[in-house]
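Colleague:
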Amino acid sequence: MTEPVTQAWQRITAVLREHAPATAHAIHPAGPADNIRELERIVGRRLPADLLTWWSVTDGVDDRRDYHAGSLIPTHFMPLSVTRAREEYAGNAEYPDPGCCTAYGEHRKPAGEPAFPYCTALVPVCRSIDGGLLCVDLRPGQDHGCVMTWYASEGAYAVEWDDVTAMLAYVAERLDDHAAGRVPDRPESRVVIDNDGALNWGMAAN
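Here is the structure:
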């Protein structure tokens with residue numbers, strides 16, 4: 000599983016460096032491994048191998064400062080650093096879903112099921128400027144490791160990708176399409192590079 004993640008990330012960063020330098024410049028190199036171990040300790044569950052691999056090659060983007068870096072993950076998300084993922088998790092985990100999360104760290108709902116306000120088995124990996132998150136679902140079940148969308152007003156409510164591997168493969172494929180001049184049928188899959196060299200999705204060219 001680790002090789003597809005590494006390969007997809009190399010494809011992504013190669014296209015970004017050539018076509019979206021503002022987004023490429025905002026991406027941080029890998030952070031300390033101790034940060035990942037601390038996050039695992041706080042969550043109380045092992046992180047999937049593909050997420051660990053992704054965080055071993057990049058520590059995301061400073062989502063509090065790099066507002067002009069565009070959106071690396073469709074349609075408006077940027078990858079979080081491990082430290083920021085821990086901060087987002089700690090704040091949201093204070094509001095567990097009473098219909099899912101038990102006091103013993105178990106979960107009544109399987110992976111991929113909606114949760115509100117939050118589920119303590121969801122690990123944030125990306126954040127949008129409007130406060131939304133993409134989270135990896137660590138609950139047991141067939142969809143273990145899937146990537147879900149979360150908003151404070153709606154909770155976790157949609158499976159976007161089967162796992163981090165699928166998410167990065169999707170981005171890599173769309174960027175390869177853009178570099179080759181291929182236009183996807185779905186507007187939300189369209190890559191747009193703004194005048195500042197930042198990657199965006201499904202927007203009209205400026």
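Take the sequence shown: its letter number 41 is residue 40 in numbering that gives the first Met the number 0, and every next letter is one higher. From the three backbone atoms N, C-alpha and C, an ideal C-beta is built for every residue, glycine too.
1) Ignoring anything shorter than 3 residues or poking outside the segment 85–128, list the beta strand (DSSP E) runs there in chain order.
2) Return the CA-CA distance between Ala-13 and Ala-171, expressed in angstroms with no decimal places.
3) Kindly confirm or deny that the segment 99–113 and the segment 126–134 touch, where touching means at least three C-beta pairs closer than 8 Å.
4) When you compare the CB positions of Thr-74 and Glu-187, do they come within less than 8 Å of one another, or not?
5) Specify, as a first and last residue, the run of the beta strand (DSSP E) that Ala-197 falls within.
6) Using a threshold of 8 Å, state whether the C-beta atoms of Gly-59 and Arg-85 are closer than that.
7) Would DSSP call Glu-153 helix, strand or coil?
8) Buried or exposed for Gly-98, please, with buried defined as at least 16 other CB atoms from any protein chain shown within 10 angstroms of its CB.
9) Measure the C-alpha to C-alpha separation of Asn-34 and Arg-185 and round it to an integer number of angstroms.
Modeller: For this structure:
1) If you keep only unbroken beta strand (DSSP E) runs of at least 3 residues inside the segment 85–128, you get 121–127.
2) Looking at the two C-alpha atoms, the distance is approximately 10 Å.
3) Result no; under three Cβ-Cβ pairs closer than 8 Å.
4) The answer is yes: Cβ separation under 8 Å.
5) If you look at Ala-197, you'll find it isn't in any beta strand (DSSP E); DSSP assigns it neither H nor E.
6) No, Cβ-Cβ distance for Gly-59 and Arg-85 is not below 8 Å.
7) For Glu-153, the three-state secondary structure derived from DSSP is coil.
8) The residue is exposed, with fewer than 16 neighbouring Cβ atoms inside 10 Å.
9) If you take the alpha carbons of Asn-34 and Arg-185, they lie about 38 Å apart.
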